[in-house]
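Each remark here refers to the structure printed beneath this line.
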Amino acid sequence: MRIFILLFAALLISQINYAQNILKGSVTDKTNGEKLTAASVYISELNKGTSTDKNGTFIINGLSKGNYTVQISYLGYQTRIQKIKMNGSDVSLNIQLEKAALEVNEVVISGAYVTSQDESPQEIDVVKKSEMLQTGASTVMDIITKVPGVTAITTGPLVSRPVIRGLSGNRILTVVDGVRFETQQWDDEHGIGINELGMDRIEIIKGPATLLYGPEAMGGVVHFIEEQPAAIGHISGNIYGSLGSNNLGIKTAADIKGATEKYNWGFAALAKILPDYYYNAYNFRAPNTRMNELGVKGNVGINRKWGSSSLSYQFNQAYYGILDGKDIVKNPDGSISNKDTSEVDMFPSEVEAPYHSVTDHKISSKTTLLAGNSRFNIVLGYQNNHRTEYEDNGSKEGYNYVDIMLQSGTYDAKWYLPAFKNFSTIIGVMGMYQTNRNATEAKTQLVPDANINDIGIVAVTKYNLKRFNLTAGLRYDTRQLSTTGIIKDSTLNMPAITKSYNNISASIGATYDIEDHLLLRANFASGYRTPNLNELMSNGLKLESQHYEVGNINFVKEQNNELDVSAIFKTDNFSLEAAAYLNTINNYIYLAPTGNMVNSNLTSSVKVPEYKYYQVDAQIKGGEAGVDIHPTGLSWMHYEIKLSAMKATRTDNNSYLPMMPTTKIFNTLVCNLKEYKQFRNLYFRIGCITAMEQNNVAVNELSTPGYTLLNASLGLSRNVWKFHNVDFSLAVNNALDKIYMDNLSRLRPYGIANQGRNIVLSMKIPFDFDRSNRKN
Numbered sequence: 000m001r002i003f004i005l006l007f008a009a010l011l012i013s014q015i016n017y018a019q020n021i022l023k024g025s026v027t028d029k030t031n032g033e034k035l036t037a038a039s040v041y042i043s044e045l046n047k048g049t050s051t052d053k054n055g056t057f058i059i060n061g062l063s064k065g066n067y068t069v070q071i072s073y074l075g076y077q078t079r080i081q082k083i084k085m086n087g088s089d090v091s092l093n094i095q096l097e098k099a100a101l102e103v104n105e106v107v108i109s110g111a112y113v114t115s116q117d118e119s120p121q122e123i124d125v126v127k128k129s130e131m132l133q134t135g136a137s138t139v140m141d142i143i144t145k146v147p148g149v150t151a152i153t154t155g156p157l158v159s160r161p162v163i164r165g166l167s168g169n170r171i172l173t174v175v176d177g178v179r180f181e182t183q184q185w186d187d188e189h190g191i192g193i194n195e196l197g198m199d200r201i202e203i204i205k206g207p208a209t210l211l212y213g214p215e216a217m218g219g220v221v222h223f224i225e226e227q228p229a230a231i232g233h234i235s236g237n238i239y240g241s242l243g244s245n246n247l248g249i250k251t252a253a254d255i256k257g258a259t260e261k262y263n264w265g266f267a268a269l270a271k272i273l274p275d276y277y278y279n280a281y282n283f284r285a286p287n288t289r290m291n292e293l294g295v296k297g298n299v300g301i302n303r304k305w306g307s308s309s310l311s312y313q314f315n316q317a318y319y320g321i322l323d324g325k326d327i328v329k330n331p332d333g334s335i336s337n338k339d340t341s342e343v344d345m346f347p348s349e350v351e352a353p354y355h356s357v358t359d360h361k362i363s364s365k366t367t368l369l370a371g372n373s374r375f376n377i378v379l380g381y382q383n384n385h386r387t388e389y390e391d392n393g394s395k396e397g398y399n400y401v402d403i404m405l406q407s408g409t410y411d412a413k414w415y416l417p418a419f420k421n422f423s424t425i426i427g428v429m430g431m432y433q434t435n436r437n438a439t440e441a442k443t444q445l446v447p448d449a450n451i452n453d454i455g456i457v458a459v460t461k462y463n464l465k466r467f468n469l470t471a472g473l474r475y476d477t478r479q480l481s482t483t484g485i486i487k488d489s490t491l492n493m494p495a496i497t498k499s500y501n502n503i504s505a506s507i508g509a510t511y512d513i514e515d516h517l518l519l520r521a522n523f524a525s526g527y528r529t530p531n532l533n534e535l536m537s538n539g540l541k542l543e544s545q546h547y548e549v550g551n552i553n554f555v556k557e558q559n560n561e562l563d564v565s566a567i568f569k570t571d572n573f574s575l576e577a578a579a580y581l582n583t584i585n586n587y588i589y590l591a592p593t594g595n596m597v598n599s600n601l602t603s604s605v606k607v608p609e610y611k612y613y614q615v616d617a618q619i620k621g622g623e624a625g626v627d628i629h630p631t632g633l634s635w636m637h638y639e640i641k642l643s644a645m646k647a648t649r650t651d652n653n654s655y656l657p658m659m660p661t662t663k664i665f666n667t668l669v670c671n672l673k674e675y676k677q678f679r680n681l682y683f684r685i686g687c688i689t690a691m692e693q694n695n696v697a698v699n700e701l702s703t704p705g706y707t708l709l710n711a712s713l714g715l716s717r718n719v720w721k722f723h724n725v726d727f728s729l730a731v732n733n734a735l736d737k738i739y740m741d742n743l744s745r746l747r748p749y750g751i752a753n754q755g756r757n758i759v760l761s762m763k764i765p766f767d768f769d770r771s772n773r774k775n
């Protein structure tokens, strides 16, 4: 670390006399030469961008000597990445963009480098924030699960955690703009904890990403990418609103941002009131599945000749109802009834016990320091996650059952070395210090007080030769874990533990683009994670599941090796993609029932099922495939079909692992019309999701019937008063009101189905003020 500090100090001194240069140019249509107005031109190293004027031209001032990555994008066109080198004089770029019938080969930043999807050896899927508006999504998880190979373990429609190729919990890392997001993810009952505030898109890495992100990324990464700053000289923003029919759920949000040549800023706020959901029309209300949420976010940034720096703060307060099953009664005919007679509202949203209260404060900073042909990236983060659970005692407030404060400090420093011939190399150091504390006034401690200290060192190199790209890397990690002793109210005493873990991770992958039509990709990566506090020392009743969980302090670290291969064939109007993977896991940890009934630590006279954690070797294999068609002559029409399938087994006896996704098929037809009278950006989409019957189940796990859901939406833009291109969307999910239970629903043991038909009306009002005084 000392070497990095000295390098940074030398770098700052060396930048004082750097001259400032200009990047200028134009953006046009490659086919007809049309000048593209309002195209985005963004320099990632400086977190700085502008837009083209009515003549298709742009100017960015204040660039010092060095190498830069310029992203040029325009709606309906293929985004282009242009590498430039400033040598003390101005640089001109004349960019020609190609129209993109297919949304392929997007720019991604979650790998080691800012690159296109085709150049990434690991498969990275991109989901845009606009999908939430177009599909009537209530949470970000609703759009993540539309990606083949990505599903969710759910506790109702509002609490869910991602599952990537069968792995979940602490095996999937959530990252918010480069900073890991910690939310006690050891429990599936704890949601992902992040919302769409300030988000531009989500990038999903499938497979081990330990090399770049460290422990707990052995199954993949869900990376929330923040939106770019406003164009220089502009103040812009959006106002959002939506209303759902199923539970009269309301969402409102607003954001605003601005930028000058040297500074940028932004602010956003969000509120959600989502009452209990229904299925079977309005005949069954799933009790206490409500959520109330409030969030705010602000950021400031600075751009100088030495680089750029930004600081952001995010606050989020959410209340999640807990369905504990006490009011659910099974009738003689096998159906269930809700016997909660105290709730008189049809759409109850008031917070009442039992419930979770989750408060998050997150502060992060990102700094890029330019040093000629090299640069340094430094990302620092602090998060305070306060989770409380209140149990029912006859009052709406309840009593404090669990109260945990998790504080995490993270750092990530990378040095991008000067390119050497066709090689680009990164070395870095990163880590985390984390404390977990239980409040003394809480009745129960499900996990003990603990301290965790992570340190990792990584080196990655990339070789590029025309159409061939090879990326390889090595990483060393160490983790120190120490806990307190006996857990409060336990019938089983567990001693304090101190554990040390070390691991070496590696990755090597390549892509080869054959004549722009066939892309071949292969990647081998290893990953690992340490047992979490719940798996090591859990000893108590979980309210949502109503079972008693017991950990094992003798567990060792999990390690995995995954081989991925894929191929993409594409033309201007057609693409075909297929991917396969084999993941071998040593010391896989999972939860399973023992068949015993034990005394509840909540009420000693009550018996509850006992569950224990087990550790075995395992193997997961599967694949995804997809076809994307834009019929020739029907450029306004788009059809795609996607498939994901997998099999997860223990290697000792070939029995199935519990809680694994089933095979799913996604069909979607989209029609886009540019203009009709005063309406613009008209679209209609209809699709169905088919989940096959899940019979590959573990011992004591129930099979789940398959189902097919029909979804549809339509939308348009038009001018309203002084606002241009106001977006309206009407979406219906589960249009046929299908009564179904997903096999990863945690409400399935109660016999409670997933959400029924939901019709969502959404609106987005964009605004933009040009204060640049540019002469057009």
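When we follow numbering that gives the first Met the number 0, the leftmost residue of the sequence shown carries the number 0, and every step to the right adds one. C-beta: ideal position from N, C-alpha, C; glycine also.
Take the alpha-carbon of Q693 and the one of A230: they are about 49 angstroms apart. Collapsing the DSSP output to three states places Q406 in a strand. Contact between the stretch 165-174 and the stretch 86-97 is absent, with fewer than three C-beta pairs closer than 8 angstroms.
Closest by C-alpha distance to N551, out of Q614, N502, T510 and I507, is Q614.
Fewer than three pairs of CB atoms, one per stretch, sit closer than 8 angstroms, so the stretch 288-307 makes no contact with the stretch 756-771. Residue pairing of E388 in beta bridges, as defined by DSSP: H355 and V401. For D254, the CB contacts under 6 angstroms within the same chain, skipping 5 residues up- and downstream, are G236, N237 and A267 in chain order. Taking the C-beta atoms as reference points, M636 is found no nearer than 7 angstroms to G621. Taking the Cα of F722 as reference, the smallest distance to any Cα among E292, S654, K763 and V378 is reached at K763. Rounded to whole angstroms, A252 and D332 show a C-alpha spacing of 45 angstroms.
The Cβ neighbour count for W720, taken over all protein chains shown within 10 Å, is under 16; the residue is labelled exposed. Annotation for S129: the continuous alpha helix (DSSP H) segment containing it runs S129 to T134. Fully contained in the stretch 427-467 are the following beta strand (DSSP E) runs of length 3 or more, in chain order: 449-464. For the 7 angstroms CB-CB criterion, A617 and Y587 form a contact. Counted as a single uninterrupted DSSP element, the beta strand (DSSP E) harbouring N586 occupies residues F573 to N598.
Counting C-beta pairs closer than 8 angstroms gives fewer than three between the stretch 198-214 and the stretch 396-407, which falls short of the contact rule.
With a cut-off of 8 angstroms on Cβ pairs, the stretch 667-675 is not in contact with the stretch 720-740, counting fewer than three such pairs. Each of N680, S634 and L575 was checked against the Cα of I640, and the nearest Cα belongs to L575.
Per the coordinates, the alpha-carbon of A730 lies some 15 angstroms from the alpha-carbon of S716. Around the CB of F223, 16 or more other CB atoms lie within 10 Å, so the residue is classed as buried. For T707, same chain residues with a beta-carbon under 6 angstroms away, outside a window of 5 residues either side, are C687 and T689 in chain order.
Taking V357 as the centre and dropping the five residues before and after it, the same chain places the C-beta of A317 and R386 closer than 6 angstroms to its C-beta, in chain order. Closest in alpha carbon position to T443, among I454, S599 and F568, is S599. Listed in chain order, the beta strand (DSSP E) elements of length 3 or more contained wholly in the stretch 648-694 are 663-675 and 678-690. P274 counts as buried, since at least 16 other C-beta atoms from the protein chains shown sit within 10 angstroms of its C-beta.
Within its own chain, the residues whose Cβ lies closer than 7 angstroms to the Cβ of D117, once the five positions on either side in sequence are excluded, are N104, T510, D512 and L518, listed in chain order. Around the beta carbon of G594, fewer than 16 other beta carbons sit within 10 angstroms, so the residue counts as exposed. Check the Cα spacing between E534 and each of L542, S525, K556 and N522: the tightest is with K556. As for any beta strand (DSSP E) of minimum length 3 sitting wholly inside the stretch 35-61, the runs are 39-42 and 47-50, ordered along the chain. Unbroken beta strand (DSSP E) runs of no fewer than 3 residues, entirely contained in the stretch 484-550, are found at 497-513, 517-528, 538-541 and 546-549, following chain order.
Secondary structure of G168 (DSSP, three-state): helix. Its Cα nearest to that of K296, the residue Q313 stands out among Q313, Y67, N282 and A285. DSSP, reduced to helix, strand and coil, places Y278 within a strand of the structure shown. Within the model, the alpha-carbon separation for L310 versus D339 is close to 47 angstroms.
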